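One structure below.
Residue numbers (the working numbering): 12 to 199.
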């Protein structure tokens, strides 16, 4: 980082730290204790697919080792989804970490976009959903709470941010809290 970067207020990007994903288990406990949000047992890793034998081999190996489902969203990104019982958040997070690590160690880190763990409020309106999203390239998390009609529950997102602030490295730039419409495990 140079002097010009300092003067212009630019900061050095945070490197991805996949071990941050393990903080999701602690965040899940915090949300259960302090809110009505409960883990659904669904989590997913999103990446831009690449053509080629090495990439295909990594995906095949992951499918052979882990209970994963593949899907492609309307933007052309690939999602690998893991499902566990809601009380098995540690196992879910371990799966997500393994997927991210395998892609990263295979040289496909630049294709990783995000990972998420889904939550819901079983007593809330319309089975309210929320996800904690890990931005691979930023090394940070943010909450995403979709509403019908591709709207967001910003109040819930800010509430969750405050609740999990001690558990996760949160993305401070709200403009980077990207919606992940139609992400696996998010219902609808």
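Think of the CB as a built atom: it goes at the ideal place given N, C-alpha and C, for glycine as much as any other residue.
Small disclaimer: the values here were computed from a predicted structure and weren't measured.
When you compare the CB positions of residue i and residue j, do they come within less than 8 Å of one another, or not?
{"i": "residue 201", "j": "residue 126", "result": "In the structure as shown, the chain starts at 12 and stops at 199, and residue 201 therefore has no counterpart that could be examined."}
{"i": "residue 60", "j": "residue 41", "result": "no"}
{"i": "residue 140", "j": "residue 63", "result": "no"}
{"i": "residue 100", "j": "residue 32", "result": "no"}
{"i": "residue 146", "j": "residue 110", "result": "no"}
{"i": "residue 103", "j": "residue 95", "result": "yes"}
Quick one: is residue i buried, meaning 16 or more other Cβ sit within 10 Å of its Cβ, or exposed?
{"i": "residue 51", "result": "buried"}
{"i": "residue 189", "result": "exposed"}
{"i": "residue 92", "result": "buried"}
{"i": "residue 196", "result": "buried"}
{"i": "residue 155", "result": "buried"}
{"i": "residue 76", "result": "exposed"}
{"i": "residue 70", "result": "buried"}
{"i": "residue 187", "result": "exposed"}
{"i": "residue 29", "result": "buried"}
{"i": "residue 164", "result": "buried"}
{"i": "residue 172", "result": "buried"}
{"i": "residue 153", "result": "buried"}
{"i": "residue 185", "result": "exposed"}
{"i": "residue 157", "result": "buried"}
Between the Cα of residue i and the Cα atoms of the options, which residue gives the shortest distance?
{"i": "residue 169", "options": "123, 75, 160, 182", "result": "182"}
{"i": "residue 159", "options": "71, 193, 151, 38", "result": "193"}
{"i": "residue 84", "options": "56, 63, 96, 69", "result": "56"}
{"i": "residue 97", "options": "131, 154, 28", "result": "131"}
{"i": "residue 114", "options": "154, 58, 101", "result": "58"}
{"i": "residue 27", "options": "157, 80, 150", "result": "150"}
{"i": "residue 45", "options": "105, 87, 167", "result": "167"}
{"i": "residue 8", "options": "102, 109, 148", "result": "This structure does not reach residue 8, given that the chain is present from 12 up to 199, and the question cannot be answered."}
{"i": "residue 65", "options": "116, 105, 102", "result": "116"}
{"i": "residue 105", "options": "124, 128, 87, 123", "result": "128"}
Apart from the five residues just before and just after residue i, which ones in its own chain have a Cβ nearer than 7 Å to its Cβ?
{"i": "residue 38", "result": "143, 175, 178, 179"}
{"i": "residue 68", "result": "none"}
Tell me, please, which residues DSSP counts as bridged to residue i.
{"i": "residue 195", "result": "None; residue 195 has no bridge partner."}
{"i": "residue 89", "result": "58, 83"}
{"i": "residue 78", "result": "Per DSSP, none; premise fails for residue 78."}
{"i": "residue 110", "result": "DSSP output for residue 110 lists no bridge partner at all."}
{"i": "residue 162", "result": "158"}
{"i": "residue 130", "result": "50, 141"}
{"i": "residue 146", "result": "125, 151"}
With a threshold of 8 Å on Cβ separation, who are the neighbours of residue i within its own chain once the five nearest residues in sequence on each side are excluded?
{"i": "residue 47", "result": "132, 133, 134, 135"}
{"i": "residue 49", "result": "42, 43, 97, 130, 131, 132, 133"}
{"i": "residue 118", "result": "65"}
{"i": "residue 137", "result": "159"}
So, at 6 Å on beta carbons, what are the nonlocal neighbours of residue i in its own chain, with the 5 sequence-adjacent residues on each side left out?
{"i": "residue 80", "result": "92"}
{"i": "residue 161", "result": "192"}
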